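Take a look at the structure below.
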Amino acid sequence: MKILIINAGSSSLKYQLLDMKDESVIAKGNCEKIGMSGSFVSIKAKGQEKVVKGDLKDHAAAMETVIGLLLDKELNIISSLKEIDAVGHRVLHGGEIYTDSVLIDDEVMKNLEALKPLGPLHMPANILGIEACQKKMPGVKQVAVFDTAFHATMPAYAYMYGVKYEDYKELGVRKYGFHGTSHKYILGETAKLMGKKPEEIKLICCHIGNGSSITAIKDGKSIDTTMGFTPLEGLMMGTRSGDIDPSVVTYLAEKRGKTAEQIITYLNKESGVLGISGVSSDMRDINVAIEQGNERAALALDMLVYRITKYVGAMLSVLGGADAIVFTAGLGENQEDLRERVMDSLAYVGVEFDRKKNNTLPRGTVAELSLPTSKIKVYRIPTNEELLIARDTAKIAKD
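All residue numbers for the sequence shown refer to the numbering used here, where the first residue is 25 and numbers rise by one.
Okay, structure coming up:
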């Protein structure tokens, strides 16, 4: 069974073709700058790489180019679209409508349109990606896998905000949480490492990348997470501010002569590590700047470490202790000093961290980073959201 995975952004589209016989990646690539000048599509397959430059005026044009590359005789990936059994789409928001992955039909598409206001930056692109695949691959089953679904198990006291109850019931104002596919994948992998069932462990999953979230998992379910109504809440991130007093929005709007919408864009795109450091949202650049004595860059890293530590502590309290803490995503997997500083601060709860392993084990590998005597296991596990999407898609497509 071959599954095509689509992750559509506003001006980009990532894709992977997987063979579910052994869950191997047959081909993968990106479509960049959709609707802009300089757009291109890349593909990697069988040790080969190819880039096609062209005018990708929309997601339909991008999908047409992707399909052309998958059928490219020189690359020899597939000979016909009939070899693709289903397409799995990463969809940002399921609201309270979808608490699991679902086969896409006309009713689902109507509901996705209705959910646009909850994800104005991502949902239009997700819908365009689905429509492009439906047009280019008629008759092939399409499955929506929601970023919010894993967090649908949060109790009301965790997801509710202290606003009028009517605003929750009528407008859906509540915490939804995101990165659900990553947190769910990490739960499964951690359980395997510990030789237990997912419902038998209490886990704190730290998905730390350009976008970051921490989730408390108990009985195989998300019971709290740091992202909220939108991905802006919670940790400070690459360009996102994270938690902030709501009054700052109106204050900045007044003082800077901006609209509230412009300030929200600023908090999403120009804040966080980028805004504090004035250097970059990329921690590789921040690390170089710190070595050069840049105090603002050092402050950005200090803030990042502090807020991760604070939320790990909060999740420990929510769970009543934990069996494991896992670091995943770009920074979680690759920023050794960040992991070490966070874990050093948790010695009081019995975390004993193996510094040598943390600093010497090859990147991109699964690793236990705690000492045998540690009361809480600490792991580094590379996330694989595409594989989880493929598994869900294969399961639904077979039914």
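All C-beta atoms in this analysis are idealised placements derived from N, C-alpha and C, irrespective of residue type, glycine included.
The structure displayed is predicted, hence computed values, not measured ones.
Check: Rounding to the nearest angstrom, what Cα-Cα distance links LYS381 and GLN359 in this structure?; Outcome: 13 Å
Check: Does the separation of the CB atoms of THR417 and TYR209 fall below 8 Å?; Outcome: no
Check: Can you confirm whether the segment 298-310 touches the segment 273-285 when touching is taken to mean that 3 or more C-beta pairs between the two stretches lie within less than 8 Å?; Outcome: no
Check: Count the other CB atoms, across all protein chains shown, that sit within 10 Å of the CB of ALA86; report buried if there are 16 or more and exposed otherwise.; Outcome: buried
Check: Could you spell out the range, first to last residue, of the beta strand (DSSP E) harbouring SER48?; Outcome: 48-56
Check: Leaving out five residues on either side along the sequence, give the residues of the same chain with a beta carbon under 7 Å from the beta carbon of LEU355.; Outcome: ILE232, GLY233, MET307 and LEU362
Check: Among the residues of its own chain, which have a CB less than 6 Å from the CB of VAL75, if the five just before and after it don't count?; Outcome: PHE64 and SER66
Check: Helix, strand or coil for ASP43 per DSSP?; Outcome: strand
Check: Tell me where the beta strand (DSSP E) around HIS207 begins and ends.; Outcome: Unbroken run through HIS207 is the alpha helix (DSSP H), 204-218; no beta strand (DSSP E).
Check: Hey, GLU120 and GLY196 are a contact pair by Cβ (cut 8 Å); roughly how many whole angstroms apart?; Outcome: 7 Å
Check: Which residue spans inside the segment 279-303 form an unbroken alpha helix (DSSP H) run of at least 4?; Outcome: 284-293 and 296-301
Check: What residues in its chain sit with their C-beta under 7 Å from that of LEU431, if we drop five residues either side in the sequence?; Outcome: No information on residue 431 is available, as it lies outside the stretch 25 to 423 that the chain covers here.
Check: Enumerate in chain order the residues of its own chain whose CB-to-CB distance from PRO148 is below 8 Å, with the five nearest sequence positions on each side excluded.; Outcome: SER34 and LYS140
Check: When the distance is taken between beta carbons, is ASP171 closer than 8 Å to ARG114?; Outcome: yes
Check: What did DSSP end up calling ASP368 once you bin it into helix, strand or coil?; Outcome: helix
Check: Quick one: what does DSSP say GLU392 is sitting in, helix, strand or coil?; Outcome: strand
Check: By Cβ distance, which residues of its chain are closer than 7 Å to HIS175, with the 5 residues on each side in sequence left out?; Outcome: TYR200, GLY201, GLY204, SER246 and THR249
Check: From THR333, LYS70, MET218 and GLY78, pick the residue whose C-alpha is nearest to that of LYS97; which is it?; Outcome: LYS70
Check: Assuming the contact rule is C-beta atoms closer than 8 Å, LEU431 and ILE241 should be a hit. Round their C-beta distance to whole Å, please.; Outcome: This structure cannot settle anything about residue 431, because the visible part of the chain is limited to 25 through 423.
Check: Could you give the DSSP three-state label for ASP82: helix, strand or coil?; Outcome: coil
Check: Kindly provide the ranges of any alpha helix (DSSP H) runs that are 4 or more residues long and lie completely inside the segment 142-179, ordered along the chain.; Outcome: 147-160
Check: Does the Cβ of ASP347 have 16 or more other Cβ atoms within 10 Å, making it buried, or fewer, making it exposed?; Outcome: buried
Check: Measuring alpha carbon to alpha carbon, tell me which residue in ILE58, ASP79, ASN100 and SER48 is nearest GLU73.; Outcome: ASN100
Check: I'd like the list of long-range same chain contacts for ASP378, defined as Cβ closer than 7 Å, with 5 residues on each side in sequence excluded.; Outcome: LEU393, SER394 and LEU395
Check: For TYR372, tell me which candidate among SER304, VAL336 and LYS134 has the shortest Cα-Cα distance.; Outcome: VAL336
Check: From the DSSP output, read off the bridge partner residues of HIS113.; Outcome: ILE30 and ALA168
Check: Whole angstroms are fine: how far does the CA of MET260 sit from the CA of ARG320?; Outcome: 15 Å
Check: What separation, rounded to the nearest whole angstrom, lies between the Cα atoms of ASP79 and LEU93?; Outcome: 15 Å
Check: Buried or exposed: which applies to MET60, given that a residue is buried once 16 or more other Cβ atoms fall within 10 Å of its Cβ?; Outcome: exposed
Check: Just list the residues that DSSP pairs ALA69 with in beta bridges.; Outcome: ALA51 and GLN72
Check: Could you please give the first and the last residue of the uninterrupted beta strand (DSSP E) stretch that includes ARG198?; Outcome: Where ARG198 is concerned, there is no enclosing beta strand (DSSP E), given that its DSSP letter is neither H nor E.
Check: Nearest to ILE287 by CA position, among SER271, SER301, GLY302 and VAL297, is which residue?; Outcome: SER271
Check: Going by the CB atoms, is the gap between CYS157 and ILE30 shorter than 8 Å?; Outcome: yes
Check: Let me make sure I understand the geometry here. Which of ASP46, ALA84 and LYS401 has the alpha-carbon closest to that of THR214?; Outcome: LYS401
Check: I need the straight-line Cα distance from ILE268 to ASP243, nearest angstrom please.; Outcome: 31 Å
Check: Taking only the alpha-carbon atoms, compute the straight-line gap between ASN135 and GLY163 and give it to the nearest angstrom.; Outcome: 21 Å
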